Amino acid sequence: MVMKIIVGITGASGIRLSYRLVEELYKHDNEVYTIVTDNAYKVAEAEEGLEVVDKIKGFSKALYNERQMDSPLASASFLVDGMVIIPCSMNTIAKLAYGISDNLVLRAADNQIKMRNKLILVPRESPLSSTHLRNLYRLSKIDNIYIIFPLLTYYHKPSSIDDMENYTIGRIMDVLGIKHNLYRRWTGLAKFK
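Residues 172 to 364, numbered by the working numbering, are exactly what the sequence shown covers, in order.
If you want it as structure tokens, here you go:
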């Protein structure tokens with residue numbers, strides 16, 4: 172089944188994760204609508220070069236900037252199956268926690284909350300302040316919000332950064348209900364040796 176997924180890219184570090192997610196969603200024949208914030212462009216240029224945004228655009232049905240509030244994504248009547256904000260800045264977390272939707276990423280996310288669609292947030296920040304934790308906790312109490320940190324994992328015996336990224340992308344796809352083989356699933360200690 173083809174899913175329609177919005178991917179919001181904000182100004183936290185980790186544009187490569189955005190690229191990997193959009194690529195995998197595309198490989199699984201999903202429609203991806205991508206929003207890139209102004210700060211995300213700056214981070215992309217510093218981390219990977221702006222070519223990465225062109226690659227993301229190639230995997231997207233449409234790509235918008237945060238100021239395009241006249242796009243279909245600004246309306247809850249534009250029905251989608253879910254949204255992922257990856258990476259998700261703490262500024263975006265704070266605004267979401269308090270219902271501020273002053274750009275297209277936030278407006279589209281607000282639509283997911285009120286339509287009870289899956290909204291997956293992938294924060295990229297460390298260490299976390301008590302303010303960050305309060306905002307994350309506030310969002311965690313909303314039933315359709317999932318918070319997935321891009322953590323280092325070891326039980327699947329990663330041998331590269333790609334393996335680590337695949338785990339995070341795979342967990343996102345698990346929540347979206349998309350089958351994949353991006354990481355080795357836990358089958359019990361005896362079978363993992």
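Beta carbons: idealized from backbone N, C-alpha and C, even for Gly.
None of these values were measured; they are calculated from a predicted model.
Considering just the uninterrupted stretch of the alpha helix (DSSP H) at ALA215, what are its terminal residues?
Per DSSP, the unbroken alpha helix (DSSP H) holding ALA215 starts and ends at 209-218.
Where LEU244 sits in the DSSP three-state scheme
Helix.
Please look up how many angstroms separate the CB atoms of ASN315 and LEU290, rounded, as I've assumed it's under 8 Å.
The pair is a contact, with the Cβ atoms about 6 Å apart (cut-off 8 Å).
Evaluate GLY229 with the Cβ neighbour count: other Cβ atoms within 10 Å of its Cβ, from every protein chain shown; 16 or more gives buried, anything less gives exposed.
Counting of Cβ neighbours within 10 angstroms places GLY229 among the exposed residues, the total staying below 16.
Where LYS226 and SER330 are concerned, what is the direct C-alpha to C-alpha distance, given to the nearest angstrom?
C-alpha of LYS226 to C-alpha of SER330: approximately 25 Å in a straight line.
Expressed to the nearest angstrom, what Euclidean distance is found between the alpha-carbon atoms of VAL223 and TYR190?
Each residue's CA atom was taken as its position, placing VAL223 and TYR190 some 7 Å apart.
Classify ILE271 as helix, strand or coil using the three-state DSSP reduction.
Assignment of ILE271 by DSSP, reduced to helix, strand and coil, places it in the coil class.
Extent of the continuous beta strand (DSSP E) to which LEU234 belongs:
It spans 233-236 - the beta strand (DSSP E) in which LEU234 sits, taken as one unbroken run.
Mind checking which residues open and close the alpha helix (DSSP H) that includes TYR317?
No alpha helix (DSSP H) holds TYR317; the beta strand (DSSP E) holding it covers 316-318.
Among ILE332, LYS198, VAL346 and LYS213, nearest to LEU292 - alpha-carbon criterion
Sorting ILE332, LYS198, VAL346 and LYS213 by C-alpha distance to the C-alpha of LEU292 places VAL346 at the top.
Quick one, are the C-beta atoms of TYR354 and TYR338 less than 8 Å apart?
Cβ atoms of TYR354 and TYR338: closer than 8 Å.
ILE369 and ASN201 closer than 8 Å at C-beta:
Residue numbering for the chain in the displayed model covers 172 to 364; residue 369 lies beyond these limits and cannot be assessed.
Which residues DSSP lists as bridging THR205, in chain order:
In the DSSP assignment, THR205 is bridged to VAL178 and LEU234.
With 16 other Cβ atoms within 10 Å as the buried cut-off, status of THR358
Per the 10 Å Cβ criterion, exposed.
Helix, strand or coil for ILE343 per DSSP?
In the three-state reduction of the DSSP assignment, ILE343 falls in the helix class.
DSSP three-state label for LEU322, please.
Of the three classes helix, strand and coil, the one that applies to LEU322 here is coil, per DSSP.
Proximity to LEU360 [Cα-Cα], best of LYS350, HIS327 and HIS351
Ranking LYS350, HIS327 and HIS351 by Cα distance to LEU360 puts HIS327 first.
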